[in-house]
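All remarks here apply to the structure that follows.
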Amino acid sequence: MKELTIKGQVYQFNFGMGFLKDIDKTVQVKYENGKMEDSGLRHAIGGLIDGNPKAICTILNYANKGQSPRLTETLIEEFIDDPDTDIDALFETVMDFLKSSNATKCITEKMLKAVENMMN
45 MKELTIKGQV
55 YQFNFGMGFL
65 KDIDKTVQVK
75 YENGKMEDSG
85 LRHAIGGLID
95 GNPKAICTIL
105 NYANKGQSPR
115 LTETLIEEFI
125 DDPDTDIDAL
135 FETVMDFLKS
145 SNATKCITEK
155 MLKAVENMMN
């Protein structure tokens, strides 16, 4: 279980299989052969790599699902908009969460490696 303190409240996040199943359903990719594949996590990781704060909102929202207290999307947005929030550190923290969970680390590492290879 991962934790973040947002506006003085500690919130817990689970990046397990339930998270993976839920976030993957948010984006589907259709291949030339007509096959559909759920790709929400890959899409969200791409957003993190690109520095898109909407990706943080999506990831934290799904990872906090079923937890108490429940984090709202509005609260996440306010946290991101807060000038006292170190957004760069938040991006790193969320990426570290994804890299350390058994359910997400393989996909996360592959995505990071693919981007690194494209940059070289």
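The sequence shown begins at 45 in the numbering used here and counts up one residue at a time.
Ideal Cβ placement from N, Cα and C applies to all residues, glycine included.
Predicted, not measured: the structure shown is a model, and the values here were computed from it.
| query | result |
| --- | --- |
| First and last residue of the uninterrupted alpha helix (DSSP H) at Y106 | 97 to 107 |
| Rounded Cβ spacing between L92 and V159 (contact assumed at less than 8 Å) | Incorrect: roughly 11 Å between the Cβ atoms, too far for contact. |
| Continuous alpha helix (DSSP H) stretch holding F63: start and end | 61 to 68 |
| Whole-angstrom C-beta distance between I67 and I100, which should lie under 8 Å | Not really, about 13 Å apart at Cβ, beyond 8 Å. |
| Spatial distance of F141 from N77 (CA atoms) | 34 Å |
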